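Okay, so the sequence shown: first residue is 79 according to our numbering, each after it adds one.
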Amino acid sequence: MEEKNKRMTTNQGIPVDNDQASITTQNQHLTLLSDTHLVEKLAHFDRERIPERVVHAKGAGAHGYFEVTNDVTKYTCASFLSQIGKKTEILARFSTVGGGRGSADTARDPRGFAVKFYTEEGNYDMVGNNTPVFFIRDAIKFPDFIHTQKKNPVSNLDDADAFWDFMSLTPESVHQATILFSDRGTPYSYRHMHGFTSHAYMWYNEKGEHFWIKLHFRTDQGIKNLTRQQATELAGTDPDHATRDLFDSIKRGEHPSWSVYVQIMKPEEADRYGFDAFDVTKTWSQKDYPLIPVGKMVLDRNPENYFTEIEQAAFSPGNLVPGIAISPDKMLQGRVFSYPDTHRHRLGANFDMIPVNAPKTQVRNYQRDGAMNMHSYGAPNYYPNSFDGPAPDKKYAVPPVDVAGIAARHEYQLSDMDYQQAGVLYGRVLSEYDKTNLVDNIVSHIKNAARRIQLRQAAVFYKAHEEYGTRVAQGLGLDVGEVKKLAEMSHEERVKATAQ
Ligand code: NDP
Numbered sequence: 079m080e081e082k083n084k085r086m087t088t089n090q091g092i093p094v095d096n097d098q099a100s101i102t103t104q105n106q107h108l109t110l111l112s113d114t115h116l117v118e119k120l121a122h123f124d125r126e127r128i129p130e131r132v133v134h135a136k137g138a139g140a141h142g143y144f145e146v147t148n149d150v151t152k153y154t155c156a157s158f159l160s161q162i163g164k165k166t167e168i169l170a171r172f173s174t175v176g177g178g179r180g181s182a183d184t185a186r187d188p189r190g191f192a193v194k195f196y197t198e199e200g201n202y203d204m205v206g207n208n209t210p211v212f213f214i215r216d217a218i219k220f221p222d223f224i225h226t227q228k229k230n231p232v233s234n235l236d237d238a239d240a241f242w243d244f245m246s247l248t249p250e251s252v253h254q255a256t257i258l259f260s261d262r263g264t265p266y267s268y269r270h271m272h273g274f275t276s277h278a279y280m281w282y283n284e285k286g287e288h289f290w291i292k293l294h295f296r297t298d299q300g301i302k303n304l305t306r307q308q309a310t311e312l313a314g315t316d317p318d319h320a321t322r323d324l325f326d327s328i329k330r331g332e333h334p335s336w337s338v339y340v341q342i343m344k345p346e347e348a349d350r351y352g353f354d355a356f357d358v359t360k361t362w363s364q365k366d367y368p369l370i371p372v373g374k375m376v377l378d379r380n381p382e383n384y385f386t387e388i389e390q391a392a393f394s395p396g397n398l399v400p401g402i403a404i405s406p407d408k409m410l411q412g413r414v415f416s417y418p419d420t421h422r423h424r425l426g427a428n429f430d431m432i433p434v435n436a437p438k439t440q441v442r443n444y445q446r447d448g449a450m451n452m453h454s455y456g457a458p459n460y461y462p463n464s465f466d467g468p469a470p471d472k473k474y475a476v477p478p479v480d481v482a483g484i485a486a487r488h489e490y491q492l493s494d495m496d497y498q499q500a501g502v503l504y505g506r507v508l509s510e511y512d513k514t515n516l517v518d519n520i521v522s523h524i525k526n527a528a529r530r531i532q533l534r535q536a537a538v539f540y541k542a543h544e545e546y547g548t549r550v551a552q553g554l555g556l557d558v559g560e561v562k563k564l565a566e567m568s569h570e571e572r573v574k575a576t577a578q
């Protein structure tokens, strides 16, 4: 390094003569406010932290690329998917959900799985999880749900009552709860888990034909999980285990990759699928909608600065490029608002000008100014104008969808279908080893909740699968007959019977 490049400066670029002694009176008892270097250094330090994400606060990430391996142009006109072999630069961020910025990577929690594709038609964000479903299907329930995953507002301690009270009063959560309490709820590392859009999205092609799709990012490293005991131990010995694993593997030149697949449902099939195909608490069976290969995602470059490139990374499920659009999924529609809203709060009005968030394409519009603005666009700053400013292009219109009907607070009516897929997972997919761990993981957590809540939740598991509910009840020392009786009731009757 050249001598002059090593010279320390203030933030104004002014050379610093001394960084070890403040300017003081002769006897060193009083510090002078005129020491602008000291004042700047302390003032900046005081502002080093930005608001923590309310959810997904603890995360790790890396750069890489996505490469198309199969032709999907009959389903989507997305430019980055237009050609086999085409590569697009990406940024991925993985995270836990409930814990704060300093919490352990091994917590039982879904893992966030967010990927930003820097395409030539703007940024496409895939903001999913390592689970194919979610606990709730209406965004209005989200703040309540997250409160139950965090600390009790009085004691600031984890609260098993709140956790299971909400789950058992919201039985559509049983599918995701089953995945969460299986060993996939404690993945060994971020490299050893799948990623899912979870929601359905729309893909549309050049002809304007549209399809409903779900993406699956399947780990090429293979699924590897921690048992509850291993996860607990690692939380003490190496709480940053997944962060370290990702960083070190990339540093060693072992570049993790995921094979990306799509499930495609035709619009008319969605109307007769047997349940709401846009309900994010449910999967589309891979037997009905097999996985079609699309491409490969590879992570091959660590961040040079964690804060700049990962902490400040801002994803939104609403960042969709031509060829991809949202679906009639209520939960997704809430997220499309909430993600950029939280980024504006966390990073400021111009969060999308931070290099890691900025598209590689040129931004052209009439939005101006705001805190930390980096654009120096001039006039005109209004539209329409007759000064040759940028103009919209109708060819990018998303295919229209029919939404006729009455606008109201339409409630989902719970049905047996809401328990069925958790039952299939337990009964058909999980091995005996998985089942034993699942039941044991549940019991070790719910045993700290009130008995009436245990009874209500055991009945929910029983409704999903008789053996599942029976084993949870037995593990808790509950009367299986009482659990069965509660399982046979309607949700409303069960809530009433376990009210106190
Ligand atoms: P399949 O038999 O075709 O697929 C079963 C799926 O379950 C596989 O993707 C498998 O992942 C996955 N799986 C295995 N263990 C777990 C676990 N502990 N937690 C979450 N997923 C797990 O069945 P279907 O497509 O007909 O679905 C049956 C059930 O499988 C569903 O009710 C759902 O619970 C679960 N599932 C379904 C998915 C889908 O998109 N259809 C996706 C993931 C789970 P792997 O291939 O890595 O072993």
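Just so it is clear, CB atoms sit at the ideal spot from N, CA and C, and this is done for glycine as well.
Small disclaimer: the values here were computed from a predicted structure and weren't measured.
Quiz item: From E545 to Q299, what does the alpha carbon distance come to, in whole angstroms?
Solution: Mapped onto the sequence shown, residue 545 falls at position 467. Mapped onto the sequence shown, residue 299 falls at position 221. Their Cα atoms are separated by approximately 33 Å.
Exercise. Report all residues from its chain with a CB closer than 6 Å to the CB of A449; omit the five preceding and five following residues, and keep chain order.
Key: Mapped onto the sequence shown, residue 449 falls at position 371. These residues qualify, in order along the chain: G426 and A427.
Exercise. Express the C-alpha separation of R487 and G263 in angstroms, rounding to a whole number.
Key: For this step, residue 263 is matched to residue 185 along the sequence shown. For this step, residue 487 is matched to residue 409 along the sequence shown. Spanning the two alpha carbons is a distance of roughly 33 Å.
Exercise. Would you check if the distance between the CB atom of T209 and the CB atom of Q161 is smaller than 8 Å?
Key: One-based indexing of the sequence shown puts residue 209 at position 131. One-based indexing of the sequence shown puts residue 161 at position 83. No. Outside cutoff.
Quiz prompt | Beta-carbon spacing of G396, A217 below 8 Å | solution = For the purposes of this step, residue 396 is identified with residue 318 of the sequence shown, where counting begins at 1. For the purposes of this step, residue 217 is identified with residue 139 of the sequence shown, where counting begins at 1. Cβ atoms of G396 and A217: not closer than 8 Å.
Quiz item: On the three-pair Cβ rule with 8 Å, is the stretch 332-342 touching the stretch 222-233?
Solution: no
Quiz item: Just to confirm, does T514 get its C-beta within under 7 Å of one of the non-hydrogen atoms of the ligand NDP?
Solution: To locate residue 514, count along the sequence shown from 1; it is residue 436. T514 Cβ: outside cutoff for every heavy atom of the ligand NDP.
Quiz prompt | Reference V205; option with closest CA among A278, G139 and S394 | solution = As a first step, residue 205 must be located in the sequence shown, where it is residue number 127. Nearest of A278, G139 and S394 to V205, Cα basis: S394.
Exercise. Could you tell me which residues DSSP puts in a beta bridge with V376?
Key: Position 298 of the sequence shown holds residue 376. In DSSP, V376 forms a bridge with Y143 and S335.
Quiz prompt | Where A355 falls: helix, strand or coil (DSSP) | solution = As a first step, residue 355 must be located in the sequence shown, where it is residue number 277. DSSP places A355 in coil when its eight states are reduced to three.
Quiz item: Is the distance from the Cβ of I402 to the Cβ of Y266 below 8 Å?
Solution: For this step, residue 402 is matched to residue 324 along the sequence shown. For this step, residue 266 is matched to residue 188 along the sequence shown. Contact: no.
Practice problem: Determine the direct distance from the alpha carbon of K541 to that of E566, and round the result to whole angstroms. | Solution: To locate residue 566, count along the sequence shown from 1; it is residue 488. To locate residue 541, count along the sequence shown from 1; it is residue 463. The alpha-carbon atoms of E566 and K541 are separated by roughly 8 Å.
Quiz item: Counting only runs that start and end within the stretch 449-486, where is the beta strand (DSSP E) found for 3 or more residues in a row?
Solution: none
Quiz item: Leaving out the 5 sequence neighbours to the left and right, which residues in its chain are closer than 8 Å to A185 when beta-carbon positions are compared?
Solution: In the sequence shown, the residue the question calls residue 185 occupies position 107. Excluding sequence neighbours, A185 sits near T174, G176, G177, T264, A309 and A313.
Quiz item: N519 lies in the beta strand (DSSP E); which residues open and close that run?
Solution: In the sequence shown, residue 519 corresponds to position 441, counting from 1. No beta strand (DSSP E) contains N519, which is instead part of the alpha helix (DSSP H) from E510 to I524.
Quiz item: Hey, W281 and Y153: beta-carbon distance below 8 Å or not?
Solution: Position 203 of the sequence shown, counted from the start, is the residue given in the question as residue 281. Position 75 of the sequence shown, counted from the start, is the residue given in the question as residue 153. Going by C-beta atoms, W281 is nearer than 8 Å to Y153.
Quiz item: Are three or more beta carbon pairs between the stretch 163-171 and the stretch 340-357 nearer than 8 Å?
Solution: no
Quiz item: Straight-line CA distance for S100 to V94?
Solution: As a position in the sequence shown, residue 100 is number 22, starting the count at 1. As a position in the sequence shown, residue 94 is number 16, starting the count at 1. One C-alpha to the other measures close to 12 Å.
Practice problem: Over the uninterrupted beta strand (DSSP E) stretch that includes L293, give me the two end residues. | Solution: Along the sequence shown, one-based indexing puts residue 293 at 215. Looking at the DSSP string, the run of the beta strand (DSSP E) that includes L293 is H288 to T297.
Quiz item: Do the stretch 139-157 and the stretch 117-125 meet, that is, are 3 or more Cβ pairs less than 8 Å apart?
Solution: no
Quiz item: What whole-angstrom Cβ distance do P400 and Y474 have, given they're in contact under 8 Å?
Solution: By one-based count along the sequence shown, residue 400 stands at place 322. By one-based count along the sequence shown, residue 474 stands at place 396. Rounded, the Cβ-Cβ distance is 5 Å, consistent with contact.
Quiz item: Among Y384, S335, T420 and L258, which residue has its Cα nearest to the Cα of F144?
Solution: Numbered from 1 along the sequence shown, position 66 holds the residue referred to as residue 144. Nearest of Y384, S335, T420 and L258 to F144, Cα basis: S335.
Practice problem: Could you have a look at D203 and say whether DSSP puts it in helix, strand or coil? | Solution: Counting from one through the sequence shown, the residue named residue 203 turns up at place 125. Here D203 sits in strand by DSSP.
Quiz item: Roughly how far, in whole angstroms, is the beta-carbon of A182 from the beta-carbon of A527, given that I think they are within contact range, below 8 Å?
Solution: Counting from 1 along the sequence shown, the entry for residue 182 is found at position 104. Counting from 1 along the sequence shown, the entry for residue 527 is found at position 449. That belief does not hold up - the Cβ atoms of A182 and A527 are roughly 22 Å apart, past 8 Å.
Practice problem: Can you give me the Cβ contacts of G286 inside the same chain, cut-off strictly under 8 Å, excluding the 5 residues immediately before and after it? | Solution: Reading the sequence shown from its first residue, position 208 is the one you call residue 286. Counting only Cβ-Cβ distances below 8 Å, and skipping sequence neighbours, we find P477.
Exercise. Note the first and the last residue of the continuous beta strand (DSSP E) segment covering R171.
Key: Within the sequence shown, the letter at position 93 stands for residue 171. K165 to S173 is the span of the beta strand (DSSP E), which, as asked, contains R171.
Exercise. Check the DSSP bridge columns for E198 and list the partner residues they point to.
Key: Within the sequence shown, numbered from 1, the residue matching residue 198 stands at position 120. Bridge partners of E198: G200.
Practice problem: Could you tell me which residues DSSP puts in a beta bridge with A192? | Solution: As a position in the sequence shown, residue 192 is number 114, starting the count at 1. In DSSP, A192 forms a bridge with R171 and V205.
Exercise. Look up G547 in the DSSP assignment and give the residues it is bridged to.
Key: Numbered from its first residue, the sequence shown carries residue 547 at position 469. According to DSSP, which records beta bridges pairwise, G547 is partnered with nothing at all.
Quiz item: Measuring from the CB of F359, is there a heavy atom of the ligand NDP at a distance below 7 Å?
Solution: For the purposes of this step, residue 359 is taken as residue 281 along the sequence shown, with counting starting at 1. In the sequence as presented, Phe is not what sits at residue 359; that position holds Thr. Checking every heavy atom of the ligand NDP against the Cβ of T359, none is found closer than 7 Å.
Quiz item: Within 7 Å: the Cβ of H253 and any heavy atom of the ligand NDP?
Solution: Position 175 of the sequence shown, counted from the first residue, corresponds to residue 253. Yes, the Cβ of H253 comes within 7 Å of a heavy atom of the ligand NDP.
Quiz prompt | T576 to D496 span [Cα, whole Å] | solution = As a working mapping, residue 576 is identified with position 498 in the sequence shown. As a working mapping, residue 496 is identified with position 418 in the sequence shown. Rounded to the nearest angstrom, the two C-alpha atoms are 20 Å apart.
Quiz item: Is the beta carbon of S260 within less than 7 Å of some heavy atom of the ligand NDP?
Solution: Residue mapping note: residue 260 aligns to position 182 of the sequence shown, counting from 1. The answer is yes for S260.
Quiz item: Closest to D447 by CA distance: which of D480, Q440, N459 and L554 is it?
Solution: Locating residue 447 in the sequence shown gives position 369, counting from the first residue. D447 has its Cα closest to that of N459, out of D480, Q440, N459 and L554.
Quiz prompt | For T151, three-class secondary structure by DSSP | solution = Within the sequence shown, residue 151 is the residue found at index 73, counting from 1. Correct three-state label for T151: coil.
Exercise. Identify, in the order they occur along the chain, each residue of the same chain with its Cβ nearer than 6 Å to the Cβ of H453, setting aside the five sequence neighbours on each side.
Key: Counting from 1 along the sequence shown, the entry for residue 453 is found at position 375. None.
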